[in-house]
Amino acid sequence: KAGVTQTPRYLIKTRGQQVTLSCSPISGHRSVSWYQQTPGQGLQFLFEYFSETQRNKGNFPGRFSGRQFSNSRSEMNVSTLELGDSALYLCASSLALDTQETQYFGPGTRLLVL
Amino acid sequence: AQTVTQSQPEMSVQEAETVTLSCTYDTSESDYYLFWYKQPPSRQMILVIRQEAYKQQNATENRFSVNFQKAAKSFSLKISDSQLGDAAMYFCAWTGRPTGNQFYFGTGTSLTVIP
Numbered sequence: 511k512a513g514v515t516q517t518p519r520y521l522i523k524t525r526g527q528q529v530t531l532s533c534s535p536i537s538g539h540r541s542v543s544w545y546q547q548t549p550g551q552g553l554q555f556l557f558e559y560f561s562e563t564q565r566n567k568g569n570f571p572g573r574f575s576g577r578q579f580s581n582s583r584s585e586m587n588v589s590t591l592e593l594g595d596s597a598l599y600l601c602a603s604s605l606a607l608d609t610q611e612t613q614y615f616g617p618g619t620r621l622l623v624l
Numbered sequence: 016a017q018t019v020t021q022s023q024p025e026m027s028v029q030e031a032e033t034v035t036l037s038c039t040y041d042t043s044e045s046d047y048y049l050f051w052y053k054q055p056p057s058r059q060m061i062l063v064i065r066q067e068a069y070k071q072q073n074a075t076e077n078r079f080s081v082n083f084q085k086a087a088k089s090f091s092l093k094i095s096d097s098q099l100g101d102a103a104m105y106f107c108a109w110t111g112r113p114t115g116n117q118f119y120f121g122t123g124t125s126l127t128v129i130p
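Rendered as structure tokens:
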């Protein structure tokens, strides 16, 4: 079974631009979570989607948004990029919601904001 | 709020030796799960081991085992017969029913394996 895939793997943007990252979960997994990883803040939860609905949201500004499609694929969008948004963005999928199932992570998208 | 603490930013171990990575957590929940993930230089997060809080028996996966002390809120990872491929950043994580599938991660321990 194929793992979690994320595209693109690397991205360079400039301040003020916007970016969209994509995540395809493991086949059959319906829950997708997003995390931001930085050296200073570590791994921080962004949001979680299940059945095309945002179920949980971390403490990030409204510039960070996401959505999930009927095939469980998810995208996250960051508008008006800031230098501090430079990070590794990790997507994780699990079977269902509220089951504390193991989350399986993708390889991440490394975003650099100049 | 849930917190996960890893007090060892860096650890090293000789190849074939045993090393223990520490993790403590704080929660008022009774139903929760604990995980250790490994992140090698490729940055791919890989599940190492999982422990359900309601199980008293410590989880084991081949050379990896945990020492789960629920009353002390401690969840350490023991790696036996360390191999060069074990070199990575190790993250302890917590999740519980009230938080859906949200994972709370520690700050990580960087493990170096010395040949």
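Those protein sequences? They're chains A and Y, same order as listed. Number 582 in this note's numbering belongs to position 72 of the first sequence; there are no gaps in the numbering. Number 71 in this note's numbering belongs to position 56 of the second sequence; there are no gaps in the numbering. C-beta: ideal position from N, C-alpha, C; glycine also.
task = Please confirm whether Gln546 (chain A) and Tyr599 (chain A) have their CB atoms less than 8 Å apart.
result = In the first sequence, the residue the question calls residue 546 (chain A) occupies position 36. In the first sequence, the residue the question calls residue 599 (chain A) occupies position 89. The answer is yes: Cβ separation under 8 Å.
task = Determine the DSSP secondary structure at Leu62 (chain Y), reduced to helix, strand or coil.
result = Mapped onto the second sequence, residue 62 (chain Y) falls at position 47. DSSP places Leu62 (chain Y) in strand when its eight states are reduced to three.
query = How would you list, in chain order, the residues of chain Y whose beta-carbon sits under 7 Å from the beta-carbon of Gln564 (chain A)?
reply = Numbered from 1 along the first sequence, position 54 holds the residue referred to as residue 564 (chain A). Within 7 Å Cβ-Cβ: nothing; Gln564 (chain A) doesn't reach chain Y, min ~11 Å.
task = May I ask which residues mark the beginning and end of the beta strand (DSSP E) holding Ala103 (chain Y)?
result = As a working mapping, residue 103 (chain Y) is identified with position 88 in the second sequence. Counting along the chain, the beta strand (DSSP E) containing Ala103 (chain Y) begins and ends at 103–111.
request  = For Thr122 (chain Y), return the contacting residues in chain A, with the cut-off set at a CB-CB distance below 8 Å.
outcome  = Translated into positions along the second sequence, residue 122 (chain Y) becomes position 107. Gly552, listed in chain order.
query = Given Thr18 (chain Y), which residues of its chain have a CB within under 6 Å of its CB, disregarding the five upstream and five downstream residues?
reply = The residue labelled residue 18 (chain Y) in the question sits at position 3 within the second sequence. Cβ within range, chain order: Asp41.
inquiry  = I believe Ser582 (chain A) touches Val542 (chain A) by the beta-carbon criterion, under 8 Å. Please report the beta-carbon distance rounded to the nearest angstrom.
reply    = Translated into positions along the first sequence, residue 582 (chain A) becomes position 72. Translated into positions along the first sequence, residue 542 (chain A) becomes position 32. About 7 Å separates the two Cβ atoms, so the contact holds.
key: Alpha carbon of Phe570 (chain A) to alpha carbon of Leu556 (chain A), nearest angstrom   = Along the first sequence, read from residue 1 onward, the residue named residue 570 (chain A) stands at position 60. Along the first sequence, read from residue 1 onward, the residue named residue 556 (chain A) stands at position 46. Approximately 7 Å between the Cα atoms of the pair.
query = Just to confirm, are Gln74 (chain Y) and Ile61 (chain Y) a CB contact at a threshold of 8 Å?
reply = Taking the second sequence and counting its residues from 1, one reaches residue 74 (chain Y) at position 59. Taking the second sequence and counting its residues from 1, one reaches residue 61 (chain Y) at position 46. Checking the sequence, you will find Ala at residue 74 (chain Y) rather than Gln. Not closer than 8 Å, so no.
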